[in-house]
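What follows is a set of notes on a single structure, which appears directly below.
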Ligand SMILES: [Zn+2]
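In the working numbering, the protein residues as written are 1243 to 1825.
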C-alpha cells in the first residue's frame, strides 16, 4: 500500500458517497436509499442504489457494487491509488505516501513527465528563437500556424542535428531514453530521436506532457512524414487523445467531441472556432478512447478522411454506442479536403460539415447508394441487398426498419420486403430476383477477401497464406506484392503490375465483415481440393496414406477445436506438394 491507511479511512469517513456518485448520476431519495440510472449499463428504469450509511452502491440490473473508491475507479478509469488521490483532492486531504513499489513508480512517473515537459519547453524555444528554425517558422506561417498558435500548442522545432537535445537540454540521459526522446546509437553515444522536424507535443487530459509527434518540412527526403515518440511508461497511444487537454472544456459545453486524424486538424478546428477537436496519435480509434471521451460528452463526431471513416469497424461502433451510451456520427468534408486545410480555406464549410454529420449507419449507407441509378431489376435487387447488408449490421431492429423504409423508397423496392429483411436481421440478405452464381466467381471472391484482409489487417491472416493458395493469377500476383513488402500497402502498390494494383486498391477500401480465420480455412480447403483433384491416382503407399490423411484433415477444417490444427497440417502438406512440383 502506497498511501497511509489512516488517510484512506479519513477519506471514507469524510467523503459522502451520495455526493460523489451524485456528480455522475442523478439520484433520487427512495426510502433509505438513493436511486438513479446505472452509469455502468444502459437502462430506462433506475436500478442503481446508493446508501449513505453503509457507504456502498449496488446495481440490481448489472450487479456492479462497491464503495466510494471502486466507484471512482470505475467511472474515472483509474486504479485504487488514483481513486484515493482523486477523492483526497476533492476533500482537501493531504496524503501521506509510505515507501513502497507503487509510490516509487509514481515518483518515477513524475520525473518522466517533468523531463518531457523540459524537452517540450526546450524545443518550443528553439522554434520561437533559434535562427536555424526559420524554415520551420516559415512553413508554419504558410499553414496559418504562426505566433499565437505556436505558443498555445507549444509547437517546437527539432534542429537538423543528431544530438543537440541530448547535449544541451540538461535532461538526464536515462530520462531522455525512457521517454523515447533519445537512444544509444551504435557508437554507444546518445542520439536524439527527432531531427529536422516540427514538433507537436502531446499532453494527457490533465495537461501533463507525455509524448511528442513530429512532422518533416516539405522537401525533406525523410520518407516518414510523421513520427511519434514511442510508447513509454507515461504514454499509451490507445489511451491518449491529442488535444484533449485544450478541448475538454468545450467538449463538455457542447456535449460533443470531434475526433480527427492529425495534429494540424485539431489546431484547424480551434482556429475555425470549434475548440472541441482531438486526434488519435497514429492509431485507430479504440474503445479506450471512447471511454475517455465518454467522461466529457455523449456525442462523438468522426472527422476522418472519408475512406478511413467508411472502413471503421461498424460493429464495434454500434457496440460502443450501446455500451457507453454515446452517439457516433461521421462528418463528410467537401472536395475530399482534410479538416486542417478546410480550416484555412473555408472555416464555415468546416463548421457546416460538423453540423451535418450523419449517424454512422446513415453515412455508410450513403456510400453504398451514392450516385447509383440501377438500370435493370437485377441491379436494383443487388443494390437493395448491398444496402440491407449494411443496415443489418446494426443491432437495433427499430433502427434497421427505419433505414430499410428509406432505402426501399430510394431504390424503388417494396417497403414490406426490405422491412421484413430488417426484422430478420440476416447478414447477407437476398431478394427474390435470383442471379446465376458461378463457382469461379465465388472462389475469386474468397481470394479477394483474403487479399483485403491481408491489406487491412495483416496480422490476422498473414501467417495463414502463401502464394500458391491463390488459383487466380492476378490475386496470386497481388498477394506476392503485399507479402514482398511485408504488408506495406504503398510499397506493394508500387511493386505490383497494373491488374494486381487494381486488386490492391480495391482491397484497401472494401468493407469487410468476415472472420479472417474462417476465410483462411476456406482458401486452404479449396487449395487442398484442387491439389487432390489434379494429382491423379498414385501407387506410392506413402502418398496414398498422405492423401487419405489430407482428406480426413479437410473434414476437420471447420470443426470446433480441430480447425487450427487441421489448417496447420494441411498448409504443411500443400507446401510439401508445391515444393515437390517445383523441384
Ligand atoms: Zn447497472
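We put the beta carbon where it would ideally sit given N, CA and C, even for glycine.
Unbroken alpha helix (DSSP H) runs of length 4 or more, entirely within the region 1361 to 1433: which are they?
-> Entirely contained in the region 1361 to 1433, the alpha helix (DSSP H) runs reaching 4 residues are, in chain order, 1376 to 1384, 1389 to 1394, 1406 to 1410 and 1415 to 1420.
May I ask whether a heavy atom of ligand 1 can be found less than 7 Å away from the beta carbon of residue 1278?
-> The residue given as residue 1278 occupies position 36 in the chain shown. Flag unset: Cβ of residue 1278 not near ligand 1.
Would you report the Cα separation of residue 1645 and residue 1620, rounded to the nearest angstrom?
-> Numbered from its first residue, the chain shown carries residue 1645 at position 403. Numbered from its first residue, the chain shown carries residue 1620 at position 378. Spanning the alpha carbons of residue 1645 and residue 1620 requires a straight line of approximately 21 Å.
Cross-strand partners of residue 1280 (DSSP beta bridge) = Residue mapping note: residue 1280 aligns to position 38 of the chain shown, counting from 1. Answer is none; residue 1280 lacks a bridge partner.
Would the beta-carbon of residue 1600 fall within 8 Å of that of residue 1608?
-> For this step, residue 1600 is matched to residue 358 along the chain shown. For this step, residue 1608 is matched to residue 366 along the chain shown. Yes.
Should residue 1563 be flagged as near chain B, meaning a C-beta pair shorter than 8 Å?
-> Within the model displayed, chain B is absent; a lone protein chain is all it includes.
Closer than 6 Å by C-beta to residue 1530: which residues in its own chain qualify, once you throw out the five before and the five after it? Chain order, please.
-> The count along the chain shown starts at 1 and reaches residue 1530 at position 288. The residues 1480 and 1481, in chain order, have a CB closer than 6 Å to that of residue 1530 in the same chain once the five nearest residues on each side in sequence are set aside.
Burial state of residue 1278, where buried means 16 or more other Cβ atoms lie within 10 Å = The residue labelled residue 1278 in the question sits at position 36 within the chain shown. Counting Cβ neighbours within 10 Å, residue 1278 comes out buried, since at least 16 surround it.
Close Cβ partners of residue 1680 (< 7 Å) along its chain, the five nearest in sequence each way excluded | The residue labelled residue 1680 in the question sits at position 438 within the chain shown. With a pLDDT of 37 at residue 1680, under the threshold of 50, the modelled position of this residue cannot be trusted; read the value that follows with caution. For residue 1680, where only same-chain residues beyond five positions count, there are no Cβ hits under 7 Å.
Residue from 1404, 1572 and 1589 with nearest C-alpha to residue 1602 = Start at 1 with the first residue of the chain shown, and residue 1602 comes out as number 360. Comparing Cα-Cα distances from residue 1602 to each of 1404, 1572 and 1589, the minimum goes to 1572.
Counting only the same chain and skipping the five closest in sequence on each side, list residues whose C-beta sits under 6 Å from that of residue 1302.
-> On the chain shown, residue 1302 is found 60 positions in, with the first residue counted as 1. So the qualifying residues of the chain are 1289.
For residue 1456, name the three-state secondary structure that DSSP assigns.
-> Position 214 of the chain shown, counted from the start, is the residue given in the question as residue 1456. Three-state result, residue 1456: strand.
Secondary structure of residue 1298, DSSP reduced to three states = If you number the chain shown from 1, residue 1298 lands on position 56. Strand.
Using a Cβ-Cβ cut-off of 6 Å (strictly less than) and excluding sequence neighbours within five positions of residue 1472, which residues of its own chain qualify?
-> Here residue 1472 corresponds to residue number 230 of the chain shown, with the count starting at 1. Here the set comprises 1422.
Is the region 1618 to 1634 in contact with the region 1651 to 1667, if contact means three or more CB pairs nearer than 8 Å?
-> Judged by Cβ distances under 8 Å, the region 1618 to 1634 makes contact with the region 1651 to 1667, as three or more pairs qualify.
Looking at residue 1250 and residue 1299, is the spacing between their C-beta atoms short of 8 Å?
-> Within the chain shown, the letter at position 57 stands for residue 1299. Within the chain shown, the letter at position 8 stands for residue 1250. The Cβ atoms of residue 1299 and residue 1250 lie no closer than 8 Å to each other.
Report buried or exposed for residue 1490, applying the criterion of at least 16 other Cβ atoms within 10 angstroms of its Cβ.
-> Stepping through the chain shown from its first residue, residue 1490 is reached at position 248. Classification of residue 1490: buried, given that the 10 Å Cβ count is 16 or more.
Which class does residue 1797 belong to by DSSP, given the choice of helix, strand or coil?
-> If you number the chain shown from 1, residue 1797 lands on position 555. The three-state secondary structure of residue 1797, taken from DSSP, is helix.
To the nearest angstrom, how far is it from the Cα of residue 1722 to the Cα of residue 1812?
-> As a first step, residue 1722 is located in the chain shown; it is residue number 480 there, counting from the start. As a first step, residue 1812 is located in the chain shown; it is residue number 570 there, counting from the start. Each residue's alpha carbon lies about 21 Å from the other.
Going straight from the alpha carbon of residue 1799 to that of residue 1792, what length do you get?
-> Stepping through the chain shown from its first residue, residue 1799 is reached at position 557. Stepping through the chain shown from its first residue, residue 1792 is reached at position 550. Approximately 10 Å, taken between the alpha carbons.
For residue 1626, collect the residues of the same chain with a Cβ closer than 7 Å to its Cβ; drop the 5 residues on either side in sequence, then sort them by chain order.
-> Counting from one through the chain shown, the residue named residue 1626 turns up at place 384. Within the same chain, residue 1626 has close Cβ partners 1649, 1653, 1655, 1660 and 1673.
Does the Cβ of residue 1282 lie closer than 7 Å to at least one heavy atom of ligand 1?
-> By one-based count along the chain shown, residue 1282 stands at place 40. Inclusion of residue 1282 in the 7 Å shell around ligand 1 follows from its C-beta lying nearer than that to a non-hydrogen atom of the ligand.
Stretch pair the region 1579 to 1586 + the region 1527 to 1541: three plus CB contacts closer than 8 Å | Judged by Cβ distances under 8 Å, the region 1579 to 1586 makes no contact with the region 1527 to 1541, as fewer than three pairs qualify.
Ends of the beta strand (DSSP E) at residue 1272?
-> Working through the chain shown from its first residue, we reach residue 1272 at position 30. 1270 to 1272 is the extent of the beta strand (DSSP E) around residue 1272.
Contact set for residue 1688: own chain, Cβ-Cβ below 8 Å, skip 5 residues either direction = Position 446 of the chain shown, counting from 1, holds the residue named residue 1688. Closer than 8 Å at the Cβ level, and outside the excluded window around residue 1688, lie 1761, 1764, 1765 and 1768.
Say the cut is 7 Å; is the CB of residue 1502 nearer than that to a heavy atom of ligand 1?
-> Against the chain shown, residue 1502 aligns to sequence position 260. In this structure, ligand 1 has no non-hydrogen atom nearer than 7 Å to the beta-carbon of residue 1502.
Just reading off the alpha helix (DSSP H) that residue 1826 is part of, what are its end residues?
-> Any question about residue 1826 goes unanswered here, given that the chain covers just 1243 to 1825.
Flag residue 1303 as yes when its Cβ comes closer than 7 Å to any non-hydrogen atom of ligand 1, and as no otherwise.
-> For the purposes of this step, residue 1303 is identified with residue 61 of the chain shown, where counting begins at 1. Residue 1303 has its CB nearer than 7 Å to a heavy atom of ligand 1.
Quick one: does the C-beta of residue 1511 sit closer than 7 Å to a heavy atom of ligand 1?
-> By 1-based counting over the chain shown, the position of residue 1511 is 269. No, the beta carbon of residue 1511 sits no closer than 7 Å to any heavy atom of ligand 1.
Within this structure, are the beta carbons of residue 1712 and residue 1704 separated by less than 8 Å?
-> Working through the chain shown from its first residue, we reach residue 1712 at position 470. Working through the chain shown from its first residue, we reach residue 1704 at position 462. Not in contact: residue 1712 and residue 1704 (Cβ atoms no closer than 8 Å).
Counting along the chain, where does the beta strand (DSSP E) carrying residue 1254 start and finish?
-> Translated into positions along the chain shown, residue 1254 becomes position 12. Counting along the chain, residue 1254 falls outside any beta strand (DSSP E), though it belongs to the alpha helix (DSSP H) covering 1247 to 1256.
Residue 1441 by DSSP, collapsed to three states: which one?
-> Taking the chain shown and counting its residues from 1, the one referred to as residue 1441 is at position 199. Three-state result, residue 1441: strand.
Going by DSSP, what residues sit across from residue 1569 in a beta bridge?
-> By 1-based counting over the chain shown, the position of residue 1569 is 327. As DSSP reads the structure, residue 1569 sits in a beta bridge with 1541.
State yes or no: is the C-beta of residue 1724 within less than 8 Å of the C-beta of residue 1756?
-> Mapped onto the chain shown, residue 1724 falls at position 482. Mapped onto the chain shown, residue 1756 falls at position 514. Contact annotation: residue 1724 and residue 1756 have beta-carbon atoms that are not nearer than 8 Å.
Around the Cβ of residue 1618, are there at least 16 other Cβ atoms within 10 angstroms (buried) or fewer (exposed)?
-> Mapped onto the chain shown, residue 1618 falls at position 376. That one is exposed.
Span separating the alpha-carbon of residue 1750 from that of residue 1503 | As a working mapping, residue 1750 is identified with position 508 in the chain shown. As a working mapping, residue 1503 is identified with position 261 in the chain shown. Taking the Cα positions, residue 1750 is about 18 Å away from residue 1503.
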